[in-house]
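In what follows, a structure is listed as structure tokens, so that the remarks can point back to it.
In UniProt numbering, the protein residues as written are 1 to 79.
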């Protein structure tokens, strides 16, 4: 599994915010500040964007979705 950066702020029910292509988790800063007092806000940087390393072999939306699911599972976050 490829390591990617995952921001993790606050406590409570998990709220996962995923940026679009050519973006990064930084785009969610205002939302993170707003929600972090009531939710656990999870903000991954997709492979090749933001603080994550370059994409190794993720060449489809499905492979990126699977990577995100694996990362959430590793953090013990249920679907």
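Beta carbons: idealized from backbone N, C-alpha and C, even for Gly.
Straight-line spacing of the CA atoms in residue 74 and residue 50 works out to 21 Å.
DSSP places residue 8 within a strand segment (E or B) once states are collapsed to three.
In this structure, DSSP gives residue 54 a state outside helix and strand, which the three-state scheme calls coil. In the DSSP assignment, residue 35 falls outside any beta strand (DSSP E) and within the unbroken alpha helix (DSSP H) covering 29-35. DSSP places residue 61 in the uninterrupted alpha helix (DSSP H) bounded by 61-74. Check the Cα spacing between residue 78 and each of 20, 64, 15 and 46: the tightest is with 15.
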